[in-house]
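S.K.: Just passing along the structure, written as structure tokens.
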Amino acid sequence: MSTLDFKQTIAFVNLANILDYQYAAKKSGITVDELVRTIKALEEELNVKLIRPEGGVVELTEIGAKLLPLITEIAQKHAKLLSVVTDYRKKEAEEAIKVTVVPGFANYQAAPVVKKLAQQHKMNIVEDVDPMAQLQQGESELAFISYAGKLPDDFEVLSVGTDDLVAYIPARNPLSEQKELTLTDLKTEKFLTLNHQNPFAVFVQQVCAAAGFDPYSVFEGEKGRTLVNMVALGDGDNLVDGTINK
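In case it helps, numbering that gives the first Met the number 0 puts the sequence shown at residues 0 to 245.
Pasting the structure below:
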């Protein structure tokens, strides 16, 4: 039994109505080569020839012309199905509780629990370098933060666990062989840090100062993910909150 997919049906309908591979491919959102392959796959699926080129002119075969109304109906139903699904997902996203989390959230012990709750209660999880700002600006209803500094009086903080500070170390650095590090192990290292005005960057400076040194920052960035990628390329050390990665 043949099962036509949306890509095949819409490609055939566009080509059958336009009779020009260039324009039909553009309308279908694919390349000409992809259109040719798609039509060929449809013909193989149905085991009939639908299109024949005659002297450079694209024409429908007899069976192609007979099938066009039926395949057009299938394509329209496919389009309606996708429209209904798209509208549903959009509505679901709008109704979902927006939760902003810190970069590298997947490394936290609480991540599996939060993700399970998100599935059960329509929560939309988005990473942001400053979840608190998103919360204060009304862009999210909940925020998962790595630590709590001074918060407005109408904010409530619920502790869901504790995590260790983690240093992302380039593989070439001998420290990368250690499973655990102390802050004093990093005293002479060069750091890639978040912007010094970032709340978490301030926190890192405070804990390093308490350990007896100021982290030597050779670069300040806005996003933790970018800094981690730079460390992976061997550009420096990055002190973040999460789970050890090398």
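The C-beta atom is built at its ideal place from N, Cα and C for all residues, glycine as well.
For M122, which residues does DSSP report across the bridge?
M.R.: As a position in the sequence shown, residue 122 is number 123, starting the count at 1. The partner list for M122 (beta bridge, DSSP) reads I96.
S.K.: So what does DSSP say about E221, is it helix, strand or coil?
M.R.: Taking the first residue of the sequence shown as 1, we reach residue 221 at position 222. Of the three classes helix, strand and coil, the one that applies to E221 here is coil, per DSSP.
S.K.: Taking all protein chains shown into account, decide if V203 is buried (16 or more other Cβ within 10 angstroms of its Cβ) or exposed.
M.R.: What you label residue 203 is simply residue 204 of the sequence shown in a count that begins at 1. So V203 ends up on the buried side.
S.K.: Assuming Y107 is part of the beta strand (DSSP E), what are its boundary residues?
M.R.: Here residue 107 is taken as the residue at index 108 of the sequence shown, counted from 1. Note, Y107: premise wrong, no beta strand (DSSP E); not H, not E.
S.K.: For F199, count neighbouring Cβ atoms within 10 angstroms of its own Cβ and tell me buried if that reaches 16, exposed if not.
M.R.: If you number the sequence shown from 1, residue 199 lands on position 200. Classification for F199: buried.
S.K.: For the beta strand (DSSP E) holding L141, just list the boundary residues, first then last.
M.R.: Numbered from 1 along the sequence shown, position 142 holds the residue referred to as residue 141. Where L141 is concerned, the enclosing beta strand (DSSP E) stretches over L141 to F143.
S.K.: When you compare the CB positions of Q7 and T37, do they come within less than 7 Å of one another, or not?
M.R.: As a position in the sequence shown, residue 7 is number 8, starting the count at 1. As a position in the sequence shown, residue 37 is number 38, starting the count at 1. Against a cut-off of 7 Å, the Cβ pair of T37 and Q7 comes out as a contact.
S.K.: Among the residues of its own chain, which have a CB less than 6 Å from the CB of I96, if the five just before and after it don't count?
M.R.: Within the sequence shown, residue 96 is the residue found at index 97, counting from 1. Taken in chain order, the residues that qualify are M122 and E140.
S.K.: First and last residue of the beta strand (DSSP E) that includes A166?
M.R.: For the purposes of this step, residue 166 is taken as the residue at position 167 of the sequence shown. That run of the beta strand (DSSP E) goes L164 to Y167.
S.K.: Taking the C-alpha atoms as reference points, what is the distance between E61 and S82?
M.R.: Reading the sequence shown from its first residue, position 62 is the one you call residue 61. Reading the sequence shown from its first residue, position 83 is the one you call residue 82. Distance between the alpha carbons of E61 and S82: 32 Å.
S.K.: Where does E42 fall in DSSP's three states?
M.R.: Residue numbering aside, residue 42 sits at position 43 when the sequence shown is read from its first letter. Helix at E42.
S.K.: Nearest to V217 by alpha carbon, out of G211, N46 and L193?
M.R.: Looking up residue 217 in the sequence shown gives position 218. Nearest option by C-alpha distance: L193.
S.K.: Between V98, C207, Q118 and F11, which lies nearest to G137 when the distance is taken from Cα to Cα?
M.R.: Numbered from its first residue, the sequence shown carries residue 137 at position 138. Closest option to G137, Cα to Cα, is V98.
S.K.: DSSP on I17, reduced to helix/strand/coil?
M.R.: Here residue 17 refers to the residue found at position 18 of the sequence shown. Correct three-state label for I17: helix.
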